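Single-structure report; data block below.
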DNA sequence: CTGTTAGCGCTTTCAC
DNA sequence: GTGAAAGCGCTAACAG
């Protein structure tokens, strides 16, 4: 009834616990014969090594922490799915922590470290100052996703958001648009800055005046920002959004306002979430390989754990425009207005 | 540089490690004076107890496993968010495991148990036979969500899906519909059966002939099922779907087919995911309190852990119809057809 | 190739 | 109220 331990196996096999330990890990020099015998006995006894004890002894837990700001935004589950898959492949299991951007993240990281995670994946970076992050993470291997954390021994994984910001605008320009606004993400975030920078670059390259309004990352934010935009002075025929949720919110506000998308105004999203092709109009968007991002984060973390001295510097993941129905040629009726 | 342990604190305070341990937990009989002194010293030294060691010693890890079939379906993140919040309140942290419905779930449960989780929340139940579940979970406290696992020492948390299945139909009947089909979830799942049962009940009560086609849980499944329905013989003026994703997919197929929703056919979803109000037409749906479900699961698990002998039997959570735009009165043009 | 001896860092009887 | 001693279950030198 009580739990089978390594000693029970050792006793049953007539060997020391050490030998059992070695036979069960790939680790040691054990004769093939005894290894097989021990394994059989272990199986018969239904021996399940206590991972806590294993971890404590070996000082590695085969466990990683994943910290995301908001599980509810469809982007993150996708990322987590990729991370979970990759983690499973490297025999790690994931502690999932939801931690809104803010200073409380420091506690969450501390908690994770107390649990002796082998490493942490931090999606977004809630710390304004690099020193705070450094203090919070100590010497635990860390991968930051979607944010350039300029720290030694911290690796970064991200899509090419600058390019992503540009792509949308270029598409719109090719479609004949000139009044193109950008609905930006929360102020201060690196992603926000990178995408905005891309937007500005492309606008400048086209000789157009930029117009960016801070929205956020939720559909509600998109609605609100779009209304602001409608209230503003120079009318706009196209919009690039911080993400798909914002785009969807914006479309809603626009159509509530009697405007047709893409007839009157074109909208381009960002991320390409699963539902992007199912909303009406189907979202034209800048796709990032979200679950690959999660996978890449885990692989990078694996490498960092294996060799903390040399943090990998993976290349930014590619983004690409996905053309669907929410962006179209500028309408002649309005283009000349 | 090296890690501060309880011994360092003990030494600095001139007491035994036992006393430090007691001072830092609420546990023991320690004079208020020494307690405070020790706490101060611990803080000064920035002592972070190794949770692994703590867990091993105390045989409880303050850790729970949450197993979901598909993180990517918006329903689950919502549920997880609720669970995470509640877990945080009870000082537990969550191992998140994604495990498609299928026998491999047994391995995932084993893995979680090896990690010495204090309990497991299993969303859905991939085991056809109760005995398999029983074997896989052993004596680890378990809460099954959205599925009645008829096992002693296993608790169940769920919404009132039978009622949920009924509600949608009743609404449609009140709207004048008579040709009402049900796009069901994956065969074999309890949720699927409960909702279908509710559907059938309500149809019978209205003297209507039921028509259920198995769809699944994804938008693609919804599209496919709707196409099947369109190909079928008796035309239908309304549909209740297994979940919102299926409803969204169905709407897409319908409108691709030149049918207007809700003009020609009404569609009712299930769950009320975050985007339900943002798709067009905004989804009329049966709302379940998803994150409350996650919270309830954790609370129930807490109770079960505290007293494994008496598994709580929480009441089913309430569901309610949320009226938006995807369901309307039967169109006179077609109703008489 | 295998066993002995120490721990990993903390909790917990059981005494005093 | 406090300490000594004995683990929790496993891994890891160090011998032989």
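Protein chains in written order, with the numbering used here: chain A, 1 to 337; chain B, 338 to 674. A virtual CB, placed ideally from N, CA and C, is assigned to each residue, including glycine. Owing to the predicted nature of the structure, the values given are computational and were not obtained by experimental measurement.
For this session: Verify the CB distance criterion: does residue 612 of chain B have a CB-CB separation below 8 Å to chain A?
Result: yes
Problem set entry | Anticipated Cβ contact below 8 Å, residue 500 of chain B with residue 535 of chain B, distance rounded | The pair is a contact, with the Cβ atoms about 6 Å apart (cut-off 8 Å).
Exercise. When you compare only the Cα positions, how much space is there between residue 223 of chain A and residue 245 of chain A?
Worked result: Rounded to the nearest angstrom, the two C-alpha atoms are 10 Å apart.
Exercise. Are the Cβ atoms of residue 635 of chain B and residue 390 of chain B separated by less than 8 Å?
Worked result: By the CB criterion at 8 Å, residue 635 of chain B and residue 390 of chain B fall outside the cutoff.
Problem set entry | Span of the beta strand (DSSP E) around residue 608 of chain B | 603 to 608
For this session: Would you mind giving the Cβ-Cβ distance between residue 627 of chain B and residue 608 of chain B, rounded to the nearest angstrom? I have them listed as a contact below 8 Å.
Result: 7 Å
For this session: Would you check if the distance between the CB atom of residue 531 of chain B and the CB atom of residue 507 of chain B is smaller than 8 Å?
Result: no
For this session: Pull out every residue of the segment 384 to 409 of chain B whose Cβ sits closer than 7 Å to any Cβ of chain A, in chain order.
Result: 385, 386, 387, 388, 389, 390, 392, 393, 398, 408 and 409
For this session: With 7 Å as the limit, tell me which residues of the segment 78 to 89 of chain A have their beta carbon closer than that to any beta carbon of chain B; keep them in chain order.
Result: Answer in chain order: 78, 80, 81 and 84.
For this session: Please go through the segment 514 to 550 of chain B and give each complete beta strand (DSSP E) segment of 3 or more residues, from N-terminal end onward.
Result: 517 to 521
For this session: With DSSP as the reference, label residue 95 of chain A as helix, strand or coil.
Result: Of the three classes helix, strand and coil, the one that applies to residue 95 of chain A here is strand, per DSSP.
Problem set entry | Assigned secondary structure, residue 665 of chain B (DSSP; H/G/I helix, E/B strand, else coil) | Here residue 665 of chain B sits in coil by DSSP.
Exercise. Among the residues of its own chain, which have a CB less than 7 Å from the CB of residue 292 of chain A, if the five just before and after it don't count?
Worked result: 82 and 317
For this session: Entirely within the segment 111 to 142 of chain A and at least 3 residues each: give me those beta strand (DSSP E) ranges in chain order.
Result: 119 to 123
For this session: On the DSSP bridge assignment, give the partners of residue 64 of chain A in chain order.
Result: A:94 and A:119
For this session: Can you give me the start and stop residues for the beta strand (DSSP E) that residue 321 of chain A sits inside?
Result: Looking at the DSSP string, the run of the beta strand (DSSP E) that includes residue 321 of chain A is 320 to 322.
Problem set entry | Start and end residues, beta strand (DSSP E) containing residue 387 of chain A | Not covered by the structure: residue 387 of chain A. The range shown for chain A is 1 to 337.
For this session: Please report how far the alpha carbon of residue 321 of chain A lies from the alpha carbon of residue 441 of chain B, in whole angstroms.
Result: 37 Å
Exercise. What are the uninterrupted segments assigned as alpha helix (DSSP H) that are 4 or more residues long and contained completely in the segment 225 to 265 of chain A, given in chain order?
Worked result: 244 to 256
Problem set entry | Where residue 94 of chain A meets chain B, residues with beta-carbon distance less than 7 Å | 432 and 433
Exercise. If you run the structure through DSSP and keep just helix, strand and coil, what is residue 416 of chain B?
Worked result: helix
Exercise. Under a three-way DSSP split, which group does residue 623 of chain B fall into?
Worked result: strand
Problem set entry | Bridge-paired residues (DSSP) for residue 145 of chain A | A:123 and A:157
For this session: Helix, strand or coil for residue 56 of chain A, going by three-state DSSP, please let me know.
Result: helix
Exercise. Three or more beta-carbon pairs under 8 Å between the segment 100 to 114 of chain A and the segment 134 to 145 of chain A, yes or no?
Worked result: yes
Problem set entry | alpha helix (DSSP H) runs wholly inside the segment 4 to 36 of chain A, at least 4 long, in chain order | 6 to 13 and 17 to 24
Exercise. Can you round the beta-carbon distance between residue 409 of chain B and residue 432 of chain B to whole angstroms, since I take them to be within the 8 Å contact cut?
Worked result: The pair is not a contact, with the Cβ atoms about 19 Å apart (cut-off 8 Å).
Exercise. With contact counted as at least three CB pairs below 8 Å, one residue from each stretch, are the segment 538 to 553 of chain B and the segment 258 to 265 of chain A in contact?
Worked result: no
Exercise. What residues in the segment 276 to 310 of chain A have a beta carbon less than 8 Å from any beta carbon of chain B?
Worked result: 278, 279 and 280
Exercise. When DSSP builds the beta bridges, which residues end up paired with residue 654 of chain B?
Worked result: Beta-bridge pairing links residue 654 of chain B to B:496.
For this session: Using the Cα positions of residue 421 of chain B and residue 494 of chain B, report the straight-line distance between them to the nearest angstrom.
Result: A direct Cα-Cα distance of roughly 16 Å separates residue 421 of chain B from residue 494 of chain B.
Exercise. Can you name the residues of chain A whose CB is closer than 8 Å to the CB of residue 451 of chain B?
Worked result: Correct list: 48, 49, 50 and 51.
Problem set entry | Contacting residues, own chain, Cβ-Cβ under 8 Å from residue 160 of chain A (five flanking each side not counted) | Cβ neighbours of residue 160 of chain A beyond the five flanking positions: 316, 317, 318 and 319.
For this session: Measuring only between beta-carbons, confirm whether residue 349 of chain B sits less than 8 Å from chain A.
Result: Closer than 8 Å: no.
Exercise. Can you find a C-beta in chain A that's less than 8 Å from the C-beta of residue 564 of chain B?
Worked result: no
Exercise. Measuring CA to CA, which of A:144, A:200 and A:282 is closest to residue 324 of chain A?
Worked result: A:282
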